[in-house]
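Numbering (the working numbering) for the sequence shown: 20 to 315. Think of the CB as a built atom: it goes at the ideal place given N, C-alpha and C, for glycine as much as any other residue. No experiment lies behind these values; they were computed from the predicted model shown. Contents: one structure, followed by commentary.
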Amino acid sequence: MSEGLTTQLKPQDTPPRWHHEESTYTLFKDAFKLRTIMLFGAIGQVVLCVLLPTKVAILPAVLLAIHTIISSAVQYHRVSYDGPYMKGVVNGRTTALLPERGEIGHFTDIEPASQPLVVFHFGVRFHHPMGFLCPGGREITEHFFQSMKEVQAKPEHYGLLGVSRWQSGDADSQNTMMFVFFFKDIEGLRRFSHGKTHMDAAAWVNRTEYKHMGFFHETYCVPRGAYETLYRNMPPTMLGEARVGFDKAGDKEDGEGKPAKQYFGTLLGADKTWTKMQFYRMWKMNKEWDEVNKKE
């Protein structure tokens with residue numbers, strides 16, 4: 020059914036990294052309200068005015084304003100084809116399918132949504148004006164990102180397919196951070212949750228008395244034929260950013276003497292007729308689709 024669908028991501032020989040590394044800039048930017056960040060800037064400007072001559076003190080602000088105006092103008096005129104906001108965007112319609120074997124260029128003889136999935140949401144929220152700089156914030160972010168590094172370092176061991184990072188927008192400061200994990204099965208998730216890194220993090224959370232930090236997780240075991248995806252003019256996102264590892268062709272081995280792996284993306288062009296129908300993308304066969312049409 021998937022014959023002729025072309026892959027949008029090239030296979031890679033190294034375990035995938037979903038580039039969600041710890042970023043102090045990102046945490047800082049998203050942890051505070053806009054007026055708080057502006058206050059930090061105002062305080063810095065006052066300090067410069069006190070310590071330096073006025074013409075020198077205002078120079079950083081003037082240069083920043085000029086840089087912002089010029090870069091915004093350039094990006095405005097380039098955004099339609101190759102501007103930075105278009106980085107990684109895959110134009111047109113795409114969908115995500117889990118390959119059953121590694122084949123370069125095409126996925127053949129694969130039914131959509133033919134494999135089950137486990138979707139795991141894990142997040143933390145800071146109920147504090149200082150965001151992640153609150154008491155205990157450093158410790159929990161260290162545990163958080165250490166767990167991320169471990170599960171990404173051994174995707175085959177845990178059955179990890181992909182990770183997406185999201186920030187809440189339901190408060191003035193976006194101080195809820197959540198990761199969406201895609202696992203092949205519940206056993207892989209269980210191995211991760213029982214590992215030392217996660218157990219250490221859970222032990223720290225259970226013994227902490229901080230009331231200004233919240234934690235949550237949700238687990239969804241999705242059977243085959245019960246999910247579908249569709250993207251349009253989007254960079255690889257969510258399940259479309261996942262990678263599936265297969266033994267590399269030939270007798271090549273990695274540094275541990277195991278068969279070398281090659282990791283294939285799940286994102287495929289969705290320009291075929293059946294990919295435009297939600298039921299077909301959910302592995303619903305023609306007979307079931309016809310039954311629905313009769314009822315309508």
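{"Query": "DSSP bridge partner residues for C240 (one or two, in chain order)", "Result": "V137"}
{"Query": "Segment contact, 8 Å Cβ cut-off, at least three pairs: the segment 198–207 with the segment 174–190", "Result": "yes"}
{"Query": "Span of the alpha helix (DSSP H), counted from its first residue to its last, around R300", "Result": "297–300"}
{"Query": "DSSP bridge partner residues for Q281 (one or two, in chain order)", "Result": "F265"}
{"Query": "Top-ranked residue by Cα proximity to T160, from V138, D266, N194, Y177", "Result": "N194"}
{"Query": "Test item: CB-CB of E260 and L286 under 9 Å", "Result": "yes"}
{"Query": "Cut-off 7 Å between Cβ atoms - residues of its own chain near H140, not counting five sequence neighbours on either side", "Result": "M197, V199, H236, E237"}
{"Query": "For S166, the three-state DSSP class (helix, strand or coil)", "Result": "helix"}
{"Query": "Residue range of the beta strand (DSSP E) that includes F200", "Result": "195–202"}
{"Query": "Range covered by the alpha helix (DSSP H) that runs through Q31", "Result": "Segment: none, Q31 is in no alpha helix (DSSP H) and carries neither H nor E."}
{"Query": "9 Å Cβ cutoff met for A220 and F151", "Result": "no"}
{"Query": "Neighbourhood of G233 by C-beta, 6 Å cutoff - its chain only, sequence neighbours within 5 removed", "Result": "R144"}
{"Query": "Three-state secondary structure assigned by DSSP to V108", "Result": "coil"}
{"Query": "Extent of the continuous beta strand (DSSP E) to which L180 belongs", "Result": "179–186"}
{"Query": "DSSP-derived helix/strand/coil call for M218", "Result": "helix"}
{"Query": "Helix, strand or coil at M149 according to DSSP, with G and I counted as helix", "Result": "coil"}
{"Query": "Own chain partners of P242 with C-beta closer than 7 Å, once the 5 adjacent residues on each side are dropped", "Result": "P135"}
{"Query": "DSSP three-state assignment for Y250, whether helix, strand or coil", "Result": "strand"}
{"Query": "Beta-carbon proximity list for R295, same chain, < 8 Å, skipping 5 on both sides", "Result": "The identity of residue 295 in the sequence shown is Lys, whereas the question assumes Arg. For K295, where only same-chain residues beyond five positions count, the Cβ hits under 8 Å are R112, A289."}
{"Query": "L82 to P34 span [Cα, whole Å]", "Result": "42 Å"}
{"Query": "C-alpha gap between M253 and P72, whole angstroms", "Result": "48 Å"}
{"Query": "Test item: CB-CB of K203 and V137 under 9 Å", "Result": "yes"}
{"Query": "Coarse secondary structure for G233, derived from DSSP in three states", "Result": "strand"}
{"Query": "Simplified DSSP state of G142, which is helix, strand or coil", "Result": "strand"}
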